[in-house]
């Protein structure tokens, strides 16, 4: 594809998957991840990593399509909107191939109770993110710890920028369709627990190799990053009702994160005009609570847009 300078904004699960896909598709390009948060500092770091498709995850069109093939072990009939069907299918294929590979145990991908495609404990998500970043750097990828406040700062430094800033895009892009959905989870030590449960009121119990995650909550447009004792008590009450034995499990950590929710996930191109010049941008953000699940699929889609933008030199915004 020629020698290009490509910048990736954001080092969460979406940014890292996109960066690695870019390395595969543009092996001679110089790639740089720019982010103010890495590894344990990102929202992705605390994700339970549940493969649970929902109709609330939608792409830019209104066509409803089935994405679950008859032979897939995930047999719940689900629909998805627009490109999201393709994104989820690609993500499923990615995780299924990983599950069948020798790297499955390292990545923490496994089947639970025969009904869940994949579950990853927060610790393993954390380990996976670190391993993705390490893979990126080992393949000549560069990282810069820096907060970007305007695309104008990047003009002249990169041929194309891929924007995977999550909730940060609300301010970077003045995108007020993007809102936080606050989540809170507890990590407890319960190595005896082997069953995954997902119940009403966003109640879930996810066993992992290092800890069990119990959650959760979905608080629309809340920016509060402090742990709420009230939420913790409510989460425990619901979880204990499902599995009373968890009452004796010691709490290891309480965690709060803000899901970057957008009614239509933004994966599209844009040419941004600044006083310093034009900048070609591919946006890939707004995954809400489905980042771990859909990042591989949207990353592949975003990289196809990078290819098109590179070849055509054109883009458009539908914000």
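Residue numbers (my numbering): 968 to 1286.
All residues carry an ideal CB built from backbone N, CA and C; glycine is no exception.
Residue range of the unbroken alpha helix (DSSP H) whose run includes residue i
{"i": "residue 1253", "result": "It is not in any alpha helix (DSSP H) - residue 1253 instead sits in the beta strand (DSSP E) that spans 1244–1254."}
{"i": "residue 983", "result": "980–992"}
Cβ pair residue i, residue j closer than 7 Å
{"i": "residue 1270", "j": "residue 998", "result": "no"}
{"i": "residue 1002", "j": "residue 971", "result": "no"}
{"i": "residue 1113", "j": "residue 1154", "result": "no"}
{"i": "residue 1243", "j": "residue 1119", "result": "yes"}
{"i": "residue 1148", "j": "residue 1185", "result": "yes"}
{"i": "residue 1249", "j": "residue 1122", "result": "no"}
{"i": "residue 1157", "j": "residue 1200", "result": "no"}
{"i": "residue 973", "j": "residue 1127", "result": "yes"}
{"i": "residue 1262", "j": "residue 1103", "result": "no"}
{"i": "residue 1097", "j": "residue 1006", "result": "yes"}
Selected residue, minimal CA-CA separation from residue i, among the options
{"i": "residue 1174", "options": "1167, 1003, 1160 and 1168", "result": "1160"}
{"i": "residue 1222", "options": "1214, 1181, 1096 and 1243", "result": "1181"}
{"i": "residue 1233", "options": "1104, 1172 and 1252", "result": "1252"}
{"i": "residue 1151", "options": "1109, 1231, 1198 and 1141", "result": "1198"}
{"i": "residue 1164", "options": "1147, 1146 and 1183", "result": "1183"}
{"i": "residue 1169", "options": "987, 973 and 1256", "result": "1256"}
{"i": "residue 1323", "options": "1277, 1005 and 1191", "result": "The structure shown does not extend to residue 1323, since the chain is modelled only from 968 through 1286, so no value can be given for it."}
{"i": "residue 1187", "options": "1146, 1166 and 1006", "result": "1146"}
{"i": "residue 1192", "options": "1125, 976, 1009 and 1176", "result": "1009"}
{"i": "residue 1235", "options": "1097, 1140, 1117 and 1064", "result": "1140"}
{"i": "residue 1178", "options": "1218, 977, 975 and 1060", "result": "1218"}
{"i": "residue 943", "options": "1176, 1172 and 1196", "result": "With the chain represented from 968 up to 1286, any question about residue 943 goes unanswered, as that position is not in the structure."}
{"i": "residue 1100", "options": "1176, 1124 and 1004", "result": "1004"}
{"i": "residue 1267", "options": "1190, 976, 991 and 1068", "result": "991"}
{"i": "residue 1060", "options": "1273, 1279 and 1260", "result": "1260"}
{"i": "residue 1209", "options": "1176, 1167 and 1190", "result": "1167"}
{"i": "residue 1124", "options": "1000, 1064 and 1067", "result": "1000"}
{"i": "residue 1190", "options": "1162, 1137, 1274 and 1067", "result": "1137"}
{"i": "residue 1273", "options": "977, 993 and 978", "result": "993"}
{"i": "residue 1117", "options": "1265, 976, 1214 and 1194", "result": "976"}
{"i": "residue 978", "options": "1279, 1258, 1264 and 1176", "result": "1258"}
Residue i - containing beta strand (DSSP E), residue span
{"i": "residue 1115", "result": "Element bounds for residue 1115: n/a, residue is neither H nor E."}
{"i": "residue 1275", "result": "That residue, residue 1275, is in no beta strand (DSSP E); its alpha helix (DSSP H) goes 1258–1279."}
{"i": "residue 1230", "result": "1218–1241"}
{"i": "residue 997", "result": "997–1002"}
{"i": "residue 974", "result": "972–976"}
Check: residue i C-beta below 6 Å from any heavy atom of the ligand ATP
{"i": "residue 1273", "result": "In terms of ligand content, the structure shown is empty, and the ligand ATP therefore cannot be addressed."}
Kindly confirm or deny that the stretch 971–982 and the stretch 1122–1133 touch, where touching means at least three C-beta pairs closer than 8 Å. In short, these stretches touch, since the Cβ pair count reaches three.
Do the stretch 1198–1207 and the stretch 1224–1237 touch if we need at least three Cβ pairs shorter than 8 Å? Touching, no.
What are the start and end residues of each continuous beta strand (DSSP E) run of 3 or more residues lying completely inside the stretch 1112–1153, in chain order? Counting whole runs of 3 or more residues, the stretch 1112–1153 contains the beta strand (DSSP E) stretches 1127–1130.
When you compare the stretch 1234–1252 with the stretch 1099–1111, are there three or more beta-carbon pairs, one atom per stretch, that lie closer than 8 Å? The answer is no - the stretch 1099–1111 does not touch the stretch 1234–1252, with fewer than three Cβ pairs under 8 Å.
Enumerate, from N- to C-terminal direction, the unbroken beta strand (DSSP E) stretches of 3 or more residues contained entirely within the stretch 1160–1223. DSSP runs (the beta strand (DSSP E)) wholly in the stretch 1160–1223: 1164–1166, 1170–1173 and 1179–1182.
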